[in-house]
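Undergrad: Mind having a look at this structure? Questions to follow.
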Amino acid sequence: MLKTIAHICILPALATLFFPAALYAQCGFESDINLEPQGANGVYCSYDTVTASIAEPFDSYQWLYNFDGSTNNLTPIFGADGPALEIPVGDYGYAFFFVELTRDGCTELSPPAVVDSWVFIPPAVEHEPQSEYCNGDSTLVSNAFGSYASYQWLRDYEPIDGATGPEYWVRESGIYVLNVSPFECPELTLTSGIGPTFAFTGPEVPVITWDGSVLTASSGPNYQWALNGTPIPGATGQIYEPQEDGEYTVTVSDGSGCMPASAPLSIVISGSRQPDWAAQFRVFPNPMGNALNIQAPPGTSFELQLLSVEGKEVLPRTLLSSDGAPVSTARLSKGTYICRLYYKGETASFRLVK
Numbered sequence: 297m298l299k300t301i302a303h304i305c306i307l308p309a310l311a312t313l314f315f316p317a318a319l320y321a322q323c324g325f326e327s328d329i330n331l332e333p334q335g336a337n338g339v340y341c342s343y344d345t346v347t348a349s350i351a352e353p354f355d356s357y358q359w360l361y362n363f364d365g366s367t368n369n370l371t372p373i374f375g376a377d378g379p380a381l382e383i384p385v386g387d388y389g390y391a392f393f394f395v396e397l398t399r400d401g402c403t404e405l406s407p408p409a410v411v412d413s414w415v416f417i418p419p420a421v422e423h424e425p426q427s428e429y430c431n432g433d434s435t436l437v438s439n440a441f442g443s444y445a446s447y448q449w450l451r452d453y454e455p456i457d458g459a460t461g462p463e464y465w466v467r468e469s470g471i472y473v474l475n476v477s478p479f480e481c482p483e484l485t486l487t488s489g490i491g492p493t494f495a496f497t498g499p500e501v502p503v504i505t506w507d508g509s510v511l512t513a514s515s516g517p518n519y520q521w522a523l524n525g526t527p528i529p530g531a532t533g534q535i536y537e538p539q540e541d542g543e544y545t546v547t548v549s550d551g552s553g554c555m556p557a558s559a560p561l562s563i564v565i566s567g568s569r570q571p572d573w574a575a576q577f578r579v580f581p582n583p584m585g586n587a588l589n590i591q592a593p594p595g596t597s598f599e600l601q602l603l604s605v606e607g608k609e610v611l612p613r614t615l616l617s618s619d620g621a622p623v624s625t626a627r628l629s630k631g632t633y634i635c636r637l638y639y640k641g642e643t644a645s646f647r648l649v650k
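And the structure:
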């Protein structure tokens, strides 16, 4: 019978089984069937091809098979009349192969050789029972049992780039399917089949852009801006002019109950109030060249950070001293930058150009 496994293999029988010679000794000669290659643990993958052959010469050959190993109800294989037979394992699954050998007018049936193949239980997708979510939410799908040599998640039956692990966070509507390959047969693809299906509704997750003067949210029904996680009273339009440094977000809503929020954007406002000590520091040259000098009071230690005008960090926060070397800016592209100095628990900001 076929060998069936879930994520591990049940120990199979040997791939070649020989019946007692006395059952077939009619002509005074015998020849064993050789199988190449030998399957791992005696079992083959469905995509394998096995060569069955007879080493001794005979006048004629006829290959036959059945599925119970008896000498009854043998089915001849059309055109298989040579000393070797190519067996596509997937066409048979689990079968016994014989060959009728004729020499000097006497015909004898060889002992059988059995070719077995792995049969796997398909993977299953584990997921939450909920199927409807708001845009911006996510839900986890994962392989329900066992482990495999490889994984590939699909959305609407198309592979998802980079989704090659045993779990995946779903953020888009669609039908999600898991394809896997077992360790025993890594070229074989097993599929979880149909579903599960998820629907993401409500407003799209907004995106913020910053032009150095105002913040603009992507199109949406209703808006609420927030600074450092706190809603800004009256800031309910698509465009908002920030008044102070910090992390800005915008939430959109349409009355459906879904209120996705944008990713935070760190903003530095040119001309915002500087700490009293800022006048003792000098950042030069401006425009920058390939190095930036910081003139500070003698014996002073402080931290420096460079940001793009979009709020993205281009030079991480670095500890400096008043007698330190210039900061290299050679790798920075042309554009406008914000230099932040951190000292005495306060922050000073300087707008620079390269």
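The numbering used here puts the first residue of the sequence shown at 297, with every later residue one more than the last.
We put the CB at the ideal spot given by N, CA and C, even for glycine.
1) Tell me which same chain residues have a C-beta within less than 8 Å of the C-beta of Lys640, skipping the five on either side of it?
2) Nearest-angstrom Cα distance between Ala391 and Pro407?
3) Compare the C-alpha of Ser549 against each of Phe494, Ser558, Ala336 and Pro372 and name the closest.
4) Do Tyr464 and Val503 have their CB atoms nearer than 9 Å?
5) In this structure, does DSSP put Val385 in helix, strand or coil?
6) Would you call the CB atoms of Ser624 and Phe598 closer than 9 Å?
7) Beta carbon of Val667, beta carbon of Tyr536: below 9 Å?
8) Using the beta-carbon count (16 or more within 10 Å), is Leu381 buried or exposed?
9) Taking all protein chains shown into account, decide if Tyr633 is buried (16 or more other Cβ within 10 angstroms of its Cβ) or exposed.
10) List in chain order: all unbroken beta strand (DSSP E) runs of 3+ residues lying wholly within the region 336–405.
11) In the structure shown, what three-state DSSP assignment does Tyr320 receive?
12) By a C-beta neighbour count over all protein chains shown, 10 Å radius and 16 as the cutoff for buried, is Leu319 buried or exposed?
13) Whose CA, out of Gly585, Pro492, Phe479 and Ile329, lies closest to the CA of Val411?
14) Just curious, the beta strand (DSSP E) that Arg578 is in, first and last residue?
15) Confirm, please, whether the CB-CB distance from Thr512 to Gln534 is below 9 Å.
16) What is the DSSP secondary structure of Ala575, counted as helix, strand or coil?
17) Taking 8 Å as the cut-off, does the region 429–447 touch the region 482–497 (at least 3 CB pairs, one atom from each stretch)?
18) Express the C-alpha separation of Val610 and Ser604 in angstroms, rounding to a whole number.
19) Within the continuous beta strand (DSSP E) that includes Asn524, where are the two ends?
20) Taking the CB atoms as reference points, tell me whether Pro419 and Leu474 lie closer together than 9 Å.
21) In angstroms, rounded to a whole number, what distance separates the CA positions of Arg613 and Asp457?
22) Apply the 10 Å Cβ neighbour rule to Gly516 and answer buried if 16 or more other Cβ atoms are within range, or exposed otherwise.
23) Check whether the Cβ atoms of Met584 and Leu637 lie closer than 9 Å to each other.
24) Between Glu454 and Glu326, which are expected to be in contact by the criterion C-beta below 8 Å, what is the C-beta distance as a whole number of angstroms?
25) Report the residue from Val579, Gly386, Val501 and Asn586 whose alpha carbon sits nearest the alpha carbon of Pro593.
26) Using a Cβ-Cβ cut-off of 6 Å (strictly less than) and excluding sequence neighbours within five positions of Asp355, which residues of its own chain qualify?
27) Pick out whichever of Ser342, Ser645 and Ala587 has its Cα sitting closest to the Cα of Met626.
TA: In this structure, then:
1) So the list reads Pro571 and Trp573, once near-sequence residues are dropped.
2) Each residue's alpha carbon lies about 13 Å from the other.
3) Selected option, being the one with the closest Cα: Ser558.
4) No, they are not a contact pair.
5) Residue state, collapsed to three classes: helix.
6) Contact flag unset, no.
7) The structure shown does not extend to residue 667, since the chain is modelled only from 297 to 650, so the question has no answer here.
8) Leu381 is buried by the Cβ-count criterion.
9) Buried, because 16 or more other Cβ atoms sit within 10 Å of the Cβ of Tyr633.
10) If we require 3 residues or more, the beta strand (DSSP E) runs fully inside the region 336–405 come out as 345–349, 356–362, 380–384, 391–399 and 402–405.
11) Caution applies to Tyr320, whose pLDDT of 45 falls short of 50 and renders its modelled position unreliable; the model cannot decide the point.
12) For Leu319, the predicted structure reports a pLDDT of 42, less than 50, and the residue's modelled location is therefore unreliable. A value from the coordinates is still provided. So Leu319 counts as exposed.
13) Checked all of Gly585, Pro492, Phe479 and Ile329; the closest Cα to Val411 is Ile329.
14) Judged by DSSP secondary structure, Arg578 falls within the beta strand (DSSP E) whose first and last residues are Arg578 to Phe580.
15) Here Gln534 is near Thr512, since their CB atoms are less than 9 Å apart.
16) Secondary structure at Ala575: helix, using DSSP grouped into helix, strand and coil.
17) Judged by pairs of C-beta atoms under 8 Å, the region 482–497 touches the region 429–447, as three or more such pairs exist.
18) Approximately 7 Å between the Cα atoms of the pair.
19) For Asn524, no beta strand (DSSP E) encloses it, and the DSSP letter there is neither H nor E.
20) In terms of Cβ geometry, Pro419 and Leu474 form a close pair [threshold 9 Å].
21) Cα to Cα, the separation comes out at about 34 Å.
22) Under this definition Gly516 is a buried residue.
23) In this structure, Leu637 does not lie closer than 9 Å to Met584 by Cβ.
24) The beta carbons of Glu454 and Glu326 sit about 56 Å from each other, so the pair does not count as a contact at 8 Å.
25) Put simply, of Val579, Gly386, Val501 and Asn586 the residue whose alpha carbon is nearest the alpha carbon of Pro593 is Val579.
26) Here the set comprises Thr398 and Arg399.
27) This sequence places Ala at residue 626; Met is not what is there. Comparing alpha carbon positions, the residue from Ser342, Ser645 and Ala587 closest to Ala626 is Ala587.
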